[in-house]
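Single-structure report; data block below.
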Amino acid sequence: MLFRTRYEIVVQRIKEMVMNGELKEGDKLPSEIEFSKKLGVSRATLREAFRILEDEGLIKRYHGVGTFVSKIPVIKSGMEELASITKLIENQGMKPGTKDVVITRVRPSEREASMMGLFQDEEIYRVERVRTADGIPVLFCIDRIPARFVKKEFKLDKESLFDYLQDDLGIYISYAVSDVIPVKAEVAGVYKKLNLRSKSGVVLLLEQLHYDEKDKPIFYSSNFFSPEKFRFYIVRRRI
Numbered sequence: 160m161l162f163r164t165r166y167e168i169v170v171q172r173i174k175e176m177v178m179n180g181e182l183k184e185g186d187k188l189p190s191e192i193e194f195s196k197k198l199g200v201s202r203a204t205l206r207e208a209f210r211i212l213e214d215e216g217l218i219k220r221y222h223g224v225g226t227f228v229s230k231i232p233v234i235k236s237g238m239e240e241l242a243s244i245t246k247l248i249e250n251q252g253m254k255p256g257t258k259d260v261v262i263t264r265v266r267p268s269e270r271e272a273s274m275m276g277l278f279q280d281e282e283i284y285r286v287e288r289v290r291t292a293d294g295i296p297v298l299f300c301i302d303r304i305p306a307r308f309v310k311k312e313f314k315l316d317k318e319s320l321f322d323y324l325q326d327d328l329g330i331y332i333s334y335a336v337s338d339v340i341p342v343k344a345e346v347a348g349v350y351k352k353l354n355l356r357s358k359s360g361v362v363l364l365l366e367q368l369h370y371d372e373k374d375k376p377i378f379y380s381s382n383f384f385s386p387e388k389f390r391f392y393i394v395r396r397r398i
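So the number in the numbering used here is just where the residue sits in the sequence shown, counting from 1, plus 159.
In structure tokens:
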């Protein structure tokens with residue numbers, strides 16, 4: 160198990176408070192005395208955590224005025240670009256991670272079989288996992304891969320599914336066809352997995368069918384993005 164110092168734990172706790180909306184951009188933090196008592200740490204530990212957070216641009220300290228939340232970390236991506244979630248997170252200077260991984264070998268649902276052009280008696284690997292950025296849950300994803308592509312036991316020991324497919328199976332993902340759908344956060348228990356404040360809120364569901372360079376469907380994914388932590392944009396050119 161990875162050991163973390165007390166100030167690193169405080170840094171993570173404050174980041175969580177920002178990401179879950181307990182602290183918002185522009186908010187003034189409590190005094191060192193109040194905040195250190197609230198977090199159960201010494202003022203020296205809190206100061207070291209503040210130093211790191213200020214270096215990362217998350218807070219700003221003004222002498223004689225106080226400490227303020229200066230930046231809400233948001234992962235941004237153009238919808239016209241196809242990149243792994245791992246790469247999107249890394250591009251924002253954050254550390255990608257994975258937790259709550261569940262891998263099952265099952266027969267596909269009627270919709271899954273239809274999407275991937277499979278017979279319903281074929282089997283797929285269904286991979287469910289929560290992706291994190293700097294330890295904060297930002298995305299819940301469900302990936303389905305036909306079992307016939309996997310020659311041995313399926314083991315996802317890489318953060319990126321793209322990397323696993325290319326490095327372990329020799330399959331290169333060339334493009335994806337995507338549907339963007341707003342759905343309630345209560346779907347599939349997403350609000351719990353992403354630590355959202357309300358199950359009645361809306362998350363962004365990105366359903367994608369990924370193809371190789373020969374236009375063969377390889378895997379079908381459902382990605383539920385936290386609207387507080389992800390922003391997508393589209394570059395539109397005049398015609």
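Just so it is clear, CB atoms sit at the ideal spot from N, CA and C, and this is done for glycine as well. Every value quoted in this text rests on a predicted model; they were computed, and no experiment measured them.
- Scanning its chain for C-beta atoms nearer than 6 Å, with the 5 sequence neighbours on each side dropped, one finds around H369 the residues I332, A335, I377, F378, in chain order.
- At the C-beta level, K352 and F299 come within 7 Å of one another.
- Rounded to the nearest angstrom, the gap between the Cα atoms of K258 and V224 is 39 Å.
- If you draw a straight line from the Cα of S273 to the Cα of V200, it comes to about 55 Å.
- When secondary structure is reduced to three states using DSSP, K314 falls in the coil class, being assigned neither helix nor strand.
- Straight through space, the alpha carbons of F209 and S385 are spaced by roughly 26 Å.
- For Y284, the three-state secondary structure derived from DSSP is strand.
- Annotation for L363: the continuous beta strand (DSSP E) segment containing it runs 361–371.
- Separation of K317 and M253 (C-alpha to C-alpha, rounded to the nearest whole angstrom) is 17 Å.
- Annotated three-state conformation of L212 is helix, per DSSP.
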